[in-house]
Ligand code: TYD
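Residue numbers (our numbering): 3 to 228.
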């Protein structure tokens, strides 16, 4: 991957974390935000589906059990609708204002889960997402690669050791999660300049160090220009 340094005062960068469920994306996103803030960057941490009032409502509709049947096309459109609101109301304004945006999941999650996992086809899902986002793409995507079995065991045990219930997508069988994993690895291979692929079985500290070293130029403290 390559990430050139722009003027951090005027150009927000858009960094996305992707990967299977239980890969540790939100932990790493939070650590990266902390490191960027320490170095004087304005940072926004956000997630999909969600990030806006309407997006959080769509998140519950699409992920909670007990909402009736959510067929594959409806599911893809709900993620895309939440994303449209997120880009329009939150992400673009932040980037335009020079803020670094760190986002948990973006379009590639829809390509993997709905395009490949639900077999809607990558092209169809890409086209509704082009409309939803106006073509916005991440500057960098960090893929935390996790095996379906490791992902399931991580996400179903909470920090206190108690068991955590899986949402509608998480409770899909290992075979579904295995196709999602292969899809993400394929996207990364196809676009190596945009992707940083890391083995999510490493410790939290090792992963944070690898991400920080890849983002080196952005972690140089921002200095005031006279
Ligand atoms: P996730 O970030 O894993 O939520 P949490 O960490 O709270 O469990 O995302 C929720 C689920 O939504 C996850 O199973 C993947 C799925 N998803 C899609 O299927 N398509 C999408 O476009 C997005 C953004 C998420």
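Cβ atoms here follow ideal geometry from the backbone N, Cα and C, with glycine treated the same way.
Going by DSSP, residue 58 is part of the alpha helix (DSSP H) stretching over 55-65.
Looking from the CA of residue 202, the closest CA among 221, 25, 16 and 41 belongs to 25. Between the segment 87-101 and the segment 70-77, the count of C-beta pairs closer than 8 Å stays below three; the two stretches do not touch. Judged by the Cβ position, residue 30 fails to qualify as a neighbour of the ligand TYD at the 8 Å threshold, every heavy atom of the ligand being at least this far. In this structure residue 179 is in contact with residue 23, their Cβ atoms being roughly 7 Å apart against a cut-off of 8 Å. DSSP places residue 81 inside the alpha helix (DSSP H), whose first and last residues are 74-88. Secondary structure of residue 103 (DSSP, three-state): strand. Nearest neighbour of residue 139 by Cα position, chosen from 147, 128, 149 and 148, turns out to be 128.
Apart from the 5 residues on each side of it in sequence, residue 134 sits with its Cβ closer than 6 Å to the Cβ of 82, 85 and 86 in its chain, given in chain order.
Looking only at 65, 198 and 219, the smallest Cα-Cα distance to residue 171 is reached by 65. Around the beta carbon of residue 20, a 10 Å sphere encloses 16 or more other beta carbons of the protein chains shown; the residue is thus reported as buried.
Rounded to whole angstroms, the separation of the alpha carbons of residue 163 and residue 193 is 38 Å. Residue 18 sits buried, since 16 or more C-beta atoms from the chains shown fall within 10 Å of its C-beta.
Ranked by Cα distance from residue 131, the options 63, 69, 37 and 80 are led by 80. Under the DSSP definition of a beta bridge, residue 48 partners with 105.
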